[in-house]
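Trainee: Dropping a structure here in structure tokens format, bear with me for questions.
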Amino acid sequence: MRVPRSERILAYVILIVMAILVLVPVLAGSVTAFKPQIIWVSSPPTWIFEPTLENFEFVFFTRKGWLFLRNSLIISIGSVVIALILGVPAAYAFARFRFRSSKALMQWLISLRMIPPIVVGLPFYAMFLYLERGLGVGLRDTFPGLIITYQTFLLPLVIWMMRGYFAELPAAMEESAMVEGYTRLGALWRVVLPVVWPGIVATAILNFIFAWNEFFLALILAGNRTSTLPMSAGTYIVRTRVEWGNLFSVNLIIMVPVIVLTIILRRQLVKGLTFGILE
Amino acid sequence: MRNFKAVLIALVLAAMFLPLVVAQDTIPLTDPETGARPWEGKELRILNTEVVPILAYQHEILDPLYEEASGVTLIYENAAHSDVLPRIQTTCAAGGDDFDIMFVEDGWAGALAALGCLEELDRFYLAAPGDSHPEDFTTRAFGTVAMAKEKWVGIPTLVAVGMFAYRTDLFEDPDEQAAFMEQYGRELTVPATWDELAEVGAFFTRPDDELYGFNYRYGTPNNILFDYMIHFGFSRGVDFFDANFNPLFDTEAAIDTANFFAGQDVLNLQPPGRESFQFGEVMQNFAQGKVAMYGTESWAIPLLLDPDASIVAANTGFAPVPGWLNPETGEIQSALLSAGPAYMINAHISEEQKQIAWDYLQLAHGVEFSRILAEQTGAGHRISVLTDPDLVAKWPHLTANYEAAKVGIGRPAEPWWPEAENAIGRALQEVAAGGDAATLMVDANNDIREIVEDAGYYDEGLTYVSVEQREDFVCAKFAELGLEHDECM
Amino acid sequence: MRVVLKDLVKRFANSDRAAVNNINLLIEEGELAVLLGPSGCGKTTTLRMIAGLEQPDSGRIAIAERDITNLAPKDRGVAMVFQNFSMYPTMNVYDNIAFPLHAVKMKRGEIDRTVREMARLVNIDHLLGRSVRQVSGGEAQRVALARAMVRRPQVFLMDEPLSNLDAKLRVQLRTEIKRLHQDTGATFIFVTHDQEEAMTLGDKIIVMNNGDIQQAGTPHEVFFAPRNAFVANFVGTPSMNMLTGAVSQDESGGIRLQLPGFDLSLPERFSRGLENMTGNRVIWGIRPEAIKLAAEPGENCAPGEVELVEALGSRDLIFVRVAEQLFGVIVDALESVAVGDNCHLHFAAAQMHLFDAESERSLLNNLPSAVPPSQWGGG
Amino acid sequence: MGETSTMNLPAASDNSSQPFSNRLYQMTQRHRHWFFIAPALIILLLVVIYPIIFSTGVSLFRVTFASQSRPFVGLQNFERMLGNDDFIQSALNTLYYVFFSVSGSFIIGFGVALLIRRVTAGKELLRLILIIPITMAPIVVGLMWNWMLDPLFGLVNWFLGLLGIPGQTMLAQASTARLTVVLVDIWQWYPLVFLIIEAGMATLPRAPFESARLEGVSSWMIFRRLTLPMLRPVILVALLLRTVDAFRTFDLVRVMTDGGPALTTETLSLYLYRTAFTFNKLSRAAAGSILMLLCIGLISALMFRYLYRDVEVG
């Protein structure tokens with residue numbers, strides 16, 4: 066496309082300003098994580114200082130950030146694995162088999178995306194409550210409890226994304242293997258999975274990001290044993306002062322893995338964020 | 007046969023609980039003097055929020071001492087302040103034993119007691135009082151912070167009472183005094199009434215020099231109520247409810263107070279950014295020498311006197327909170343709110359954990375440790391600390407603190423109080439944002455009435471627990487425990 | 331192996347029309363049968379049902395007298411080559427060919443021997459180490475052929491394997507498939523929509539439309555004796571000229587056909603089919619090859635004007651307007667016909683086709699059946 | 522075709538003569554998709570549909586954390602909720618939030634998508650930087666902007682100070698708090714719109730644009746008559762996702778203002794959370810959440826209808 070020079074310069078200026086609007090808060094905030102406590106809130110901000118890791122040390126060990134990190138990892142990875150185990154076969158079926166209700170079911174799956182978390186979070190709490198009181202089955206504040214709950218937003222997404230990846234492959238691929246002596250599952254395992262593997266990884270990463278950033282359901286259903294990193298971030302707002310250095314250390318721990326994953330995944334990002342509606 | 011079965015079950019149950027009954031008499035306690043460490047190697051989980059710095063001091067100073075003395079490992083779980091009540095309620099309703107001890111603000115105790123979350127402490131005290139000394143608090147403070155109506159459920163970790171801080175260097179400066187005299191025709195004194203406060207505040211408000219007259223906070227909805235009442239409401243005679251639980255926020259006094267609270271006379275004395283002031287900002291303003299006077303609470307004192315935390319630490323004086331000059335009687339009316347969190351024991355944990363929790367409360371928040379804290383930081387809420395001559399000599403403000411603690415009025419301990427407080431707090435914030443006080447306060451009052459009605463309080467003829475009744479509860483409790491208290495005589 | 335389809339019906343969930351509508355078919359052992367038809371006619375579905383990739387709603391399929399209707403694809407002893415898939419992308423050529431052998435747990439040495447033998451057979455033995463990205467489309471399709479052959483199946487199913495290739499490669503591979511068929515002696519069932527491919531490859535052509543078998547027969551039968559108007563129209567390029575006319579009888583008792591602008595006398599072959607049809611409307615058809623340009627008007631001639639000339643190489647396809655109707659005519663290129671020329675078209679009586687206007691069935695005296703009964707014998 | 526009877530095949534309809542294993546195979550083949558879908562479907566019914574049904578049930582009773590008895594109260598909870606000023610106020614806040622956040626992020630996102638096509642060098646880097654906000658947890662974004670907007674030491678006020686504008690407390694004033702939160706939300710989510718629109722533009726065929734340009738159509742007309750209509754489904758998807766997300770906002774508001782000042786930023790999610798878990802009115806909050814679900818259901822149903830008209834889904 067031919068773009069007039071003036072137009073291009075204008076575009077650059079605006080986009081660079083937008084980029085600065087993104088970078089300044091993110092970087093300036095993150096820098097605070099490395100500031101010694103005494104200049105956390107200096108005004109005007111101090112930019113030249115000797116970076117320290119004491120905030121991370123405090124957050125990680127004194128405030129048991131490692132525990133929250135571990136919990137976050139267990140919950141995120143666990144729920145993504147479960148979502149994949151349940152969702153990948155379903156996605157395969159939606160991509161491959163023509164059956165009467167397939168279209169309606171897929172539309173229903175998208176509509177799950179609109180359900181606000183409070184609508185399921187609240188009854189979840191009540192259900193867990195009655196389970197615990199009535200049957201003595203404790204799901205509140207347990208990893209399985211949270212992992213099941215997270216399926217409300219992960220599973221539909223996995224199915225939609227993976228369906229897209231499966232649909233891109235010719236059905237003849239596994240049919241060929243089936244004619245050549247394999248069962249459907251054997252064909253799936255030996256032929257389709259190796260091909261669709263990058264798609265599974267992309268789906269897993271994107272779902273991991275969603276699970277990792279989740280706050281609301283964890284707030285209601287997690288407790289001591291399962292507190293996640295986002296939950297711990299809020300605890301650094303003390304009413305007399307906010308422990309900004311510690312807070313930004315936590316923020317960095319939450320943010321950095323996700324940004325790295327995003328850079329790896331940027332091409333698949335749209336597909337995941339749009340629920341694969343756009344294809 | 008059926009009877010036989012019932013008897014059998016009863017016997018089995020009795021057998022099961024027998025050890026508990028027996029155990030009650032012999033709760034082993036950590037004793038620094040004898041060196042007893044009965045709970046060595048155990049863990050204690052505490053749900054906490056670092057709402058004010060004094061709790062951090064406790065955490066930094068007292069907890070290591072307790073861990074050393076007892077061999078118990080303390081595991082803190084911190085939650086954001088606004089998450090604590092939901093956390094306790096959701097956990098407790100499920101009978102969760104996620105934590106042994108929890109941070110409970112006085113306004114929440116009623117709700118949590120109604121849920122059966124709070125373990126009553128009587129039996130622990132009777133079995134092994136340790137260093138707990140509940141009678142070492144003023145009855146007002148104890149009734150508000152440690153009790154849910156007639157039940158004793160906690161050991162206060164701090165008792166916040168209204169305090170008034172001012173800059174001695176400004177008030178004692180002869181030039182200022184002369185200038186004030188010239189301008190207002192009277193001596194420059196620490197204000198004793200609201201009107202004086204407005205006047206003196208206006209005098210010191212000099213934006214060009216980055217000096218402002220007075221500072222208080224607007225906070226989130228329920229905090230703002232606290233400041234409204236602590237600084238102005240009670241002295242004007244505003245109360246929460248009448249005897250039949252009719253809310254009293256639509257009275258003339260309450261509306262007048264709201265008008266003054268959010269009026270230009272007071273607002274204009276504040277540094278810019280007043281709308282966002284929370285505990286932290288107001289304290290910081292004073293500590294940075296930006297304001298001449300500062301309405302605060304007792305917990306802030308240690309920080310204000312800490313030269314590392316305040317550049318005016320050496321020039322900080324404390325006085326009673328100004329009162330309302332009653333035009334009819336000519337009297338200066340004054341009354342204060344007292345409030346604060348207590349550590350309470352989760353009712354759903356094992357008996358052993360309860361005993362460890364009690365061990366922690368009696369020692370780490372007992373007389374001896376409170377003294378250590380007071381010596382180092384100037385923070386105190388036990389009578390023994392507030393009246394100790396040595397400590398008072400070191401920290402003169404303790405006397406004023408004691409006087410305030412004796413007259414503080416507590417927030418209601420009803421299950422629905424958090425919601426009611428939220429409703430009135432919201433209205434006050436709207437007034438502060440320029441809304442019409444009369445309509446807003448009436449609306450809020452109706453909202454509260456609805457909340458109370460919804461809770462079924464008007465049907466069942468319940469009556470509001472007045473300040474005096476609370477004191478009676480406290481005294482009755484002390485009598486039950488075999489304790490004597492000067493204020494109950 | 332003989333392949334028999336009986337009363338086969340298949341409907342798909344999202345469609346109210348049957349994809350395959352009660353078809354019966356017999357393919358003899360060693361035969362190369364071509365399923366021919368426009369897209370959506372059910373030919374691929376039929377093939378997939380034979381492979382076991384679709385389950386028929388009713389009806390039965392047998393291979394070598396064994397009912398395989400309910401067998402999994404892998405147990406049917408068939409091999410299949412697909413249109414839009416040739417190589418497993420995660421394996422190289424060698425592994426692709428070896429892949430079916432792993433399923434039967436063949437020994438390594440034997441696998442190696444078989445793979446190399448098959449690769450040689452389809453001339454790809456020099457490509458064995460290559461990956462998908464390093465082979466061309468034609469080579470990839472050869473890999474698919476080798477992979478199909480490696481289990482030495484008795485029935486080969488081919489679902490338009492050549493349609494994604496360019497014209498030259500297609501012709502080349504077509505010959506090769508023919509050769510493979512002769513070499514292996516196996517039964518081939520080949521699906522295509524390209525009637526030229528069907529003509530050159532097939533021992534038998536089965537023309538399908540709308541889920542029905544329209545006609546099954548040798549290429550000759552299908553071309554020269556189409557059973558109905560659809561087959562007549564579908565088979566042959568350029569396609570048959572067709573016109574609707576009315577049957578009449580002349581004074582001598584001969585049958586005539588009144589067409590717009592001209593009339594014809596019909597040969598004896600239709601006499602039985604046209605009994606009692608006088609006055610009825612029929613469809614008359616004649617292939618472009620059966621029309622000659624005549625200098626003078628005569629019997630079975632019509633005058634026209636050349637409107638368009640398309641060069642086909644040694645021959646031209648010209649379009650001649652007779653009354654309202656455009657006729658395609660194949661003429662020798664050397665005849666140098668020009669647009670605007672007036673000419674007379676002569677229709678060869680021996681190559682006329684006649685179909686009932688309503689049923690579209692051929693009115694030929696010896697009508698071939700949809701599936702020639704002769705082929706059902708023996709069973 | 523009488524000859525067919527000579528074949529060694531049973532009649533088509535005669536299934537009973539088939540061995541059981543064959544019939545089983547046929548049955549499993551016909552319903553094979555359920556074997557793949559059922560596990561996911563069962564879990565989804567369990568974690569989405571059942572809770573909603575449960576919630577509807579709870580909303581008809583009077584349930585609190587403590588209640589041993591749970592009296593049936595019919596629609597009383599719904600009545601109370603609809604008659605509650607705070608509920609209405611937070612619903613209106615939510616709508617305000619949806620409207621401004623969605624339109625703001627849409628306009629900016631669309632603009633950036635148009636601009637980035639005019640850029641050559643550094644395109645990848647710019648895009649990467651611009652999408653950072655969507656990957657951040659909303660709670661992190663909220664905390665970060667709290668810091669940026671702090672009246673005493675925040676960068677925004679420091680910057681305004683350099684321009685001679687006195688310190689502002691955007692988050693603490695009833696007049697500006699809501700807008701400020703919305704702006705932060707836009708800051709976080711316009712890149713999503715940008716990504717979606719950009720992806721949509723990449724799939725547009727080139728021919729119509731080239732021919733329009735050859736015919737001398739102005740760029741504005743090309744945009745209005747070609748780009749916009751062809752992007753319609755993409756735009757709808759972007760709007761739908763943003764609407765749904767803005768409607769459920771919780772994390773951001775929770776950490777930035779916690780609903781204050783004076784309830785001006787309270788969203789439905791936050792209000793219902795507070796009602797249920799702080800004020801101990803589970804059943805009332807359940808009623809509120811059902812109302813909320815109906816509301817978003819209605820909005821998205823309308824949008825879905827337009828969407829399905831354009832896009833083949835499923």
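Residue numbers (this note's numbering), protein chains in the order written: chain A, 66 to 344; chain B, 7 to 495; chain C, 331 to 709; chain D, 522 to 835. Ideal Cβ positions, reconstructed from N, Cα and C, are used throughout, including at glycine.
May I ask you to report which of helix, strand or coil DSSP gives Arg43/B?
Mentor: coil
Trainee: Can the beta-carbon of Ile756/D be found less than 9 Å from the beta-carbon of Ile718/D?
Mentor: yes
Trainee: Residues of the segment 314–339 of chain A with a CB closer than 7 Å to any CB of chain B: list them in chain order, please.
Mentor: Answer set for the segment 314–339 of chain A: empty.
Trainee: Given a limit of 9 Å on CB to CB distance, which residues of the segment 272–305 of chain A reach chain D?
Mentor: Ile274, Trp277, Asn278, Glu279, Phe280, Phe281, Leu284, Ile285, Leu294, Pro295, Met296, Ala298, Gly299, Tyr301, Ile302
Trainee: Where do the N-terminal and C-terminal ends of the alpha helix (DSSP H) with Tyr617/D fall, by residue?
Mentor: 606–637
Trainee: Beta strand (DSSP E) containing Asp337/C: first to last residue?
Mentor: 333–341
Trainee: Are the C-beta of Asp233/B and some C-beta of chain A separated by less than 9 Å?
Mentor: Not closer than 9 Å to any Cβ of chain A, the Cβ of Asp233/B fails to qualify, so no.
Trainee: According to DSSP, simplified to helix, strand and coil, what is Glu111/B?
Mentor: In this structure, DSSP gives Glu111/B an extended state, which the three-state scheme calls strand.
Trainee: Starting from Ser107/A, find everything on chain D with Cβ-Cβ shorter than 7 Å and list it in chain order.
Mentor: Annotation: Cβ neighbours of Ser107/A in chain D (cutoff 7 Å, chain order): Phe674.
Trainee: Please list the partners that Val260/A has in chain C, where partner means a Cβ-to-Cβ separation under 8 Å.
Mentor: Tyr418, Pro419, Thr420
Trainee: Cβ atoms of Thr522/C and Leu487/C: under 9 Å apart, would you say?
Mentor: No; because the gap between Cβ atoms is not below 9 Å, this pair is not in contact.
Trainee: Going by beta carbon distance, what residues of the same chain come within less than 7 Å of Gly707/C, once the five residues before and after it are set aside?
Mentor: In this prediction, Gly707/C scores a pLDDT of 36, lower than 50, which makes its location untrustworthy; the coordinate-derived value is nonetheless stated afterwards. Around Gly707/C: no qualifying Cβ.
Trainee: Within 10 angstroms of its Cβ, does Asn606/C collect 16 or more other Cβ (buried), or is it exposed?
Mentor: Asn606/C comes out exposed.
Trainee: Cα separation between Leu495/C and Val462/C?
Mentor: 16 Å
Trainee: Residues of chain C with a CB under 7 Å from the CB of Glu233/A: which are they?
Mentor: Within 7 Å Cβ-Cβ: nothing; Glu233/A doesn't reach chain C, min ~12 Å.
Trainee: According to the Cβ coordinates, are Val339/C and Pro386/C closer than 9 Å?
Mentor: yes
Trainee: Answer with buried or exposed for His491/B, where buried requires no fewer than 16 other C-beta atoms within 10 angstroms of its C-beta.
Mentor: buried
Trainee: Please identify, using Cβ separations under 9 Å, the residues of the segment 237–250 of chain A that lie next to chain C, in order along the chain.
Mentor: For the segment 237–250 of chain A, residues whose beta-carbon sits nearer than 9 Å to a beta-carbon of chain C comprise Ala237, Met238, Glu240, Ser241, Ala242, Met243, Val244, Glu245, Gly246, Tyr247, Thr248, Arg249.
Trainee: Would you call His387/B buried or exposed, if buried means 16 or more other Cβ atoms sit within 10 Å of its Cβ?
Mentor: buried
Trainee: The alpha helix (DSSP H) with Pro295/A in it runs from where to where?
Mentor: 294–298
Trainee: Just mark Leu762/D as buried or exposed, buried being the case when its beta carbon has 16 or more other beta carbons within 10 Å.
Mentor: buried
Trainee: Using Cβ-Cβ distances below 7 Å, what residues of the segment 785–797 of chain D are close to chain A?
Mentor: Ser790, Leu793, Tyr794, Ala797
Trainee: Should Ser569/C and Ile585/C be called a contact, given that it needs their Cβ atoms to be closer than 9 Å?
Mentor: Ile585/C is positioned such that its CB atom lies no closer than 9 Å to that of Ser569/C.
Trainee: Check the Cβ-Cβ distances between Thr163/B and every residue of chain A, and say whether any is below 9 Å.
Mentor: no
Trainee: Quick test of your reading: Gly688/D and Gly279/B, contact by CB under 8 Å. State the CB separation rounded to the nearest angstrom.
Mentor: So it is a contact: roughly 5 Å between Cβ atoms.
Trainee: Counting only C-beta atoms, is Leu196/A closer than 9 Å to chain D at any point?
Mentor: Closer than 9 Å: no.
Trainee: Can you list, in chain order, the residues of its chain with a C-beta nearer than 7 Å to that of Phe342/C? Leave out the 5 residues immediately preceding and following it.
Mentor: Excluding positions up to five away in sequence, the list reads Ala349.
Trainee: Candidates Phe621/D, Trp708/D, Ile820/D: which alpha carbon is nearest Ile85/A's?
Mentor: Just measuring C-alpha positions, the residue of Phe621/D, Trp708/D, Ile820/D sitting nearest Ile85/A is Trp708/D.
Trainee: In chain A, which residues lie less than 8 Å from Asn414/C when you measure between Cβ atoms?
Mentor: Pro235, Ala237, listed in chain order.
Trainee: Once DSSP output is grouped into helix, strand and coil, what is the label at Leu530/D?
Mentor: Only weak support is given to the placement of Leu530/D: the predicted model assigns it a pLDDT of 48, under 50, and the value that follows is read from those uncertain coordinates. Of the three classes helix, strand and coil, the one that applies to Leu530/D here is coil, per DSSP.
Trainee: Closer than 7 Å, Cβ to any Cβ of chain D: which residues of the segment 72–101 of chain B, in chain order?
Mentor: Ser88, Leu91, Pro92, Gln95, Thr96, Ala99
Trainee: Please report the distance separating the alpha-carbon of Arg332/C from that of Met243/A.
Mentor: 22 Å
Trainee: Met607/C lies in the alpha helix (DSSP H); which residues open and close that run?
Mentor: Counting along the chain, Met607/C falls outside any alpha helix (DSSP H), and DSSP gives it neither H nor E.
Trainee: Which residues in the same chain as Asn274/B place their Cβ atom closer than 6 Å to its Cβ, once the five residues preceding and following it in sequence are excluded?
Mentor: Contacts found: none.
Trainee: Around the C-beta of Asp646/C, are 16 or more other C-beta atoms found within 10 angstroms, so that it is buried, or is it exposed?
Mentor: Asp646/C is buried by the Cβ-count criterion.
Trainee: To the nearest angstrom, how far is the alpha carbon of Ser376/B from that of Asp142/B?
Mentor: 11 Å
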